[in-house]
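There are 2 protein chains.
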Amino acid sequence: MSEKVTSLQVAERAGVSQSAVSRYFTPGGSVSKATAAKVKKAAEELGYRPNVLARAMVSGRSRIIGLVIADLKNQFYPMALELLSRALQERDYQVLVFFAENSTESVEPVVQRLLDYQVDGIITASVAVSNHLTERCTAAGIPVVMFNRGQDDARLSSVTTDNVAGGRMAANFLVGGGHARIAHIAGWQGATTGRDRTLGFVEGLRDLGHEMVAMEDAMYDRDRAAEIARTMFSGADRPDAVFVGNDYMALSVMDVLRFELGLSIPDDVSVLGYDDVPLADWPTYQLTTIRQPVNRMVTATVDTLLDRIEGDIEPRQILISGSLKIRASARRPKGFTA
Amino acid sequence: MSEKVTSLQVAERAGVSQSAVSRYFTPGGSVSKATAAKVKKAAEELGYRPNVLARAMVSGRSRIIGLVIADLKNQFYPMALELLSRALQERDYQVLVFFAENSTESVEPVVQRLLDYQVDGIITASVAVSNHLTERCTAAGIPVVMFNRGQDDARLSSVTTDNVAGGRMAANFLVGGGHARIAHIAGWQGATTGRDRTLGFVEGLRDLGHEMVAMEDAMYDRDRAAEIARTMFSGADRPDAVFVGNDYMALSVMDVLRFELGLSIPDDVSVLGYDDVPLADWPTYQLTTIRQPVNRMVTATVDTLLDRIEGDIEPRQILISGSLKIRASARRPKGFTA
DNA sequence: GCGCGCTTTGCAAGCGATTGCAAGGTCAAT
DNA sequence: ATTGACCTTGCAATCGCTTGCAAAGCGCGC
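Encoded structure:
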């Protein structure tokens, strides 16, 4: 039934050798105008297209990029996935997705399977990679770039925003806004993103002579963030500002503050997020946040990966600077115009 | 550099033939306990794993499923993508994603590339497929199943909810709630989902002796929906209820009604959506909606696809029934308890 | 000890392309 | 007309595996 058309059939119909057909479809292959025309005609008549898998076997390039991702609930990632995939598609690569849990143990078998598929490169989105795995990939000559997650390993490329600087921005903005009791609902401290944002925030506060009145790790989980907000803000001397580890959780926190605790934002409490997901701009939330420039992150990721695949460049750790996106969820410092 | 381990190397180290190694890794391959043990040992020492691509070449099965998707902004699709991918992963298939625009012309080249990758099957999520393409896929023996989109073509499988019935539910609920001026901001009328929901809604109203006071196609676009809401509800005799073609747009409509027009939901206007995306349940929105059971849709999709790949079953058009999920965005009919 | 059936094994032919190599062609310069 | 440089072309090996086929091995009843 499945009438596969092969280069051989095209060759016969065109009256040329099979290699000629192959050459016609290989960029830079040496074919005369005449043969090219014959092959083109025959190929079109037969509806022939080269078999990527066969090509992959002999050339050793599959034009497949493995993308490991933990979850799509946080609105930042669907966006990243779409942009990454589209950017790669434009460069004639395709993305093979693999879902993992957010633990190194669960990533291990997933990456194994990735390698089975002979991917040309791997992007991990918000997922950490064990040393053992890094070795395997390095040994197999497959470049890895971590998207929105860092790791202290020179063999791994990574693209992140400057989370420490971002945390500092948050501190400056909240202190500048005249807040006295500043709290922090942190991103997962098991990830560099979470840790660095927290670190920058703490440092920033300290530099301005402030200290957090409360802090809790919500592990990038919506429900956990809500739970923490509930207890953190129910006491009498509740915080008057909170920096949340990412937007996804910040929105949850806003919901709790307004709908469960009846607080008003930003009059009673200022809320600051991190990421700038599309929802942050919706009228209901108008979340002030540290913006991660997804487009630039994606471009950097794709460039780094393809450079490493096509040339043999060294791994790069890229740091992109974020910026403060001011909306209405946090009191604005006097004279703050940026 | 890239030290690929092949079955031949394993064979040598184990002191058996290369076929024996292959058989060991083929489920159902005939190998004695003794050889199995030798192969296992050698394979582990060398870190050998079969090359999926090479296997695909000879067996004709790549264990890759192509997923064509138009956009991830509507929160229904990230969810679907994740569930589909996880379900397939569990059955030892992987998903190769392809982004397309929502027009048949743009889908064409995308599916071409899919075929180049020798995928075993194709899932299209909310994307239509041209006849020409259907033919190519049928000719190549590659089953296609459309997720959340129907099409009148017996060669295509599809999984949708009963959108007509859903539209009727919406009509019943709004009429039952005592609304007099009922409007409709429709899903894209170029898609079966949009048309069917509208159709069911119109029929449902008519059966109850009602008629829409306004209707407009918002093409599943957030901004367009907002724009339409703005004009539709700014007149003096504005509607007192609106059924929106999906949740993604409904949330936008709610934002406009409340924040721009200062209307109160559901006191001034009742809003009804379709899908039941996670956001619909967030306290800010509490959107009453027609629920599409994603889990069941995904299971049905995966089952249909794999049945067709593995057996040689006929295409199936599966209709799953949705249900009304009552929250707070629409006035509830008296005595309505369900 | 021989023959029969069943399982296990190895050989070798593909799967559909790419690519190095050498042969054949073309064309300009001599 | 002859030569050499250069472009085209075809041959055949190769990528890493699966699988049909026939030979080998094994256990068992006679």
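If you're matching them up, the sequences are chains W and Y in order. Quick note: the first sequence uses the working numbering, first residue 1, plus one each step. Quick note: the second sequence uses the working numbering, first residue 339, plus one each step. Every residue, glycine too, gets a C-beta built ideally from N, C-alpha and C. Since this is a predicted model, take the numbers as computed values, not measurements.
Output needed for residue i: all residues of its chain with C-beta closer than 8 Å, excluding positions within five of it in sequence on either side, in chain order.
| i | result |
| --- | --- |
| aspartate 71 of chain W | Tyr77, Phe99 and Asn102 |
| lysine 663 of chain Y | Asp614, Ala618, Thr626, Thr627, Ile628 and Arg629 |
| leucine 452 of chain Y | Gly404, Val406, Leu434, Phe436 and Ile460 |
Find the nearest neighbour of residue i within the set the options, judged by alpha-carbon distance.
| i | options | result |
| --- | --- | --- |
| alanine 225 of chain W | W:Ala250, W:Val202 and W:Met212 | W:Ala250 |
| valine 691 of chain Y | W:Asn51, W:Gly178 and W:Leu96 | A query on residue 691 of chain Y cannot be resolved here, the shown segment of chain Y reaching from 339 to 676 and no further. |
| arginine 474 of chain Y | Y:Thr627, Y:Ala463 and Y:Asp454 | Y:Asp454 |
| aspartate 500 of chain Y | Y:Tyr612, Y:Ser397, Y:Arg560 and Y:Glu598 | Y:Tyr612 |
| arginine 91 of chain W | W:Val302, W:Val58, W:Ile265 and W:Ser321 | W:Val302 |
| glycine 581 of chain Y | Y:Met507, Y:Ile651, Y:Gly528 and Y:Arg560 | The displayed chain sequence assigns phenylalanine, not glycine, to residue 581 of chain Y. Cα-wise, what sits closest to phenylalanine 581 of chain Y is Y:Met507. |
| aspartate 561 of chain Y | Y:Glu446, Y:Glu648 and Y:Ser590 | Y:Ser590 |
| aspartate 645 of chain Y | Y:Val449, Y:Leu657, Y:Ala394 and Y:Val483 | Y:Val483 |
| glycine 47 of chain W | Y:Glu382, Y:Ala478 and Y:Arg670 | Y:Ala478 |
| glycine 200 of chain W | W:Phe173, W:Gly60 and W:Gly178 | W:Phe173 |
| tyrosine 93 of chain W | W:Arg331, W:Glu310, W:Ser329 and W:Gln112 | W:Glu310 |
| glutamine 317 of chain W | W:Asp152, W:Gln18 and W:Ala128 | W:Asp152 |
Can you give the Cα-Cα distance for residue i and residue j, rounded to whole angstroms?
| i | j | result |
| --- | --- | --- |
| arginine 351 of chain Y | alanine 380 of chain Y | 6 Å |
| alanine 34 of chain W | valine 16 of chain W | 11 Å |
| serine 661 of chain Y | threonine 198 of chain W | 43 Å |
| aspartate 593 of chain Y | isoleucine 566 of chain Y | 12 Å |
| glycine 304 of chain W | threonine 26 of chain W | Reading off the sequence, residue 304 of chain W comes out as threonine, not glycine. The straight-line gap from Cα to Cα measures roughly 25 Å. |
| methionine 297 of chain W | leucine 257 of chain W | 32 Å |
| asparagine 246 of chain W | glycine 166 of chain W | 11 Å |
| aspartate 575 of chain Y | proline 653 of chain Y | 49 Å |
| asparagine 412 of chain Y | tyrosine 285 of chain W | 18 Å |
| serine 423 of chain Y | aspartate 605 of chain Y | 41 Å |
| threonine 442 of chain Y | glycine 528 of chain Y | 11 Å |
| glutamate 108 of chain W | methionine 570 of chain Y | 54 Å |
| leucine 319 of chain W | alanine 300 of chain W | 10 Å |
| methionine 395 of chain Y | valine 31 of chain W | 27 Å |
| glycine 28 of chain W | isoleucine 313 of chain W | 23 Å |
| serine 130 of chain W | valine 609 of chain Y | 49 Å |
| valine 110 of chain W | glutamate 383 of chain Y | 20 Å |
| serine 126 of chain W | serine 264 of chain W | 33 Å |
| serine 667 of chain Y | alanine 328 of chain W | 25 Å |
| glycine 398 of chain Y | proline 283 of chain W | 52 Å |
| glutamine 427 of chain Y | proline 239 of chain W | 45 Å |
Output needed for residue i: all residues of its chain with C-beta closer than 7 Å, excluding positions within five of it in sequence on either side, in chain order.
| i | result |
| --- | --- |
| tryptophan 684 of chain Y | This structure leaves residue 684 of chain Y out entirely; chain Y is present only between 339 and 676. |
| methionine 1 of chain W | Bear in mind that the predicted position of methionine 1 of chain W carries a pLDDT of just 44, short of 50, making it unreliable; the figure below should be weighed with that in mind. Same-chain partners within the cutoff: there are none. |
| valine 390 of chain Y | Arg401 |
| valine 119 of chain W | Ser62, Ile64, Ile65, Gly66, Leu96 and Ile142 |
| lysine 342 of chain Y | none |
| serine 572 of chain Y | Leu599 |
| alanine 374 of chain Y | Tyr362 |
| serine 659 of chain Y | Thr499, Asp500 and Ala503 |
Please look up how many angstroms separate the CB atoms of residue i and residue j, rounded, as I've assumed it's under 8 Å.
| i | j | result |
| --- | --- | --- |
| alanine 241 of chain W | valine 269 of chain W | 6 Å |
| valine 213 of chain W | isoleucine 185 of chain W | Incorrect: roughly 12 Å between the Cβ atoms, too far for contact. |
| leucine 471 of chain Y | valine 632 of chain Y | Contact doesn't hold; Cβ gap of about 26 Å is too wide. |
| glutamate 598 of chain Y | arginine 568 of chain Y | 7 Å |
| alanine 147 of chain W | alanine 80 of chain W | This sequence places phenylalanine at residue 147 of chain W; alanine is not what is there. Indeed they touch by this definition, with Cβ atoms about 7 Å apart. |
| glycine 509 of chain Y | leucine 543 of chain Y | Inspection of the sequence shows that residue 509 of chain Y is occupied by alanine rather than by glycine. Rounded, the Cβ-Cβ distance is 5 Å, consistent with contact. |
| glutamine 112 of chain W | arginine 393 of chain Y | Going by Cβ atoms, the distance from glutamine 112 of chain W to arginine 393 of chain Y rounds to 15 Å, so no, they are not a contact pair. |
Taking 6 Å as the limit between beta carbons, can you name the residues of its chain near residue i, skipping five residues before and five after?
| i | result |
| --- | --- |
| glycine 488 of chain Y | Ser496, Thr498 and Thr530 |
| valine 175 of chain W | Leu208 and His210 |
| valine 21 of chain W | Ser7, Val10, Ala11 and Val39 |
| threonine 138 of chain W | Arg155 |
| aspartate 196 of chain W | Asn163 and Val164 |
| proline 333 of chain W | Gly176 and Gly177 |
| serine 106 of chain W | Ala100 |
| glycine 335 of chain W | none |
| tyrosine 586 of chain Y | Asn412 |
| threonine 124 of chain W | Val68 and Met146 |
Which runs of the alpha helix (DSSP H), 4 residues or longer, sit entirely within the segment 535-578 of chain Y?
-> Along the segment 535-578 of chain Y, the alpha helix (DSSP H) occurs as fully enclosed runs of 4 or more residues at 560-570, listed in sequence order.
Beta strand (DSSP E) runs wholly inside the segment 233-304 of chain W, at least 3 long, in chain order | 241-244, 270-275 and 288-291, all fully within the segment 233-304 of chain W.
Of all the beta strand (DSSP E) runs that stay within the bounds of the segment 457-505 of chain Y, which reach a length of 3 or more residues?
-> Runs of the beta strand (DSSP E) inside the segment 457-505 of chain Y: 459-463, 482-485 and 495-499.
Which parts of the segment 53-102 of chain W are runs of the beta strand (DSSP E), unbroken and 3 residues or longer, counting only runs that do not cross its ends?
-> Complete beta strand (DSSP E) runs here, min 3: 64-69 and 94-99.
Residue ranges of each beta strand (DSSP E) run of no fewer than 3 residues wholly in the segment 5-55 of chain W, ordered along the chain?
-> DSSP runs (the beta strand (DSSP E)) wholly in the segment 5-55 of chain W: none.
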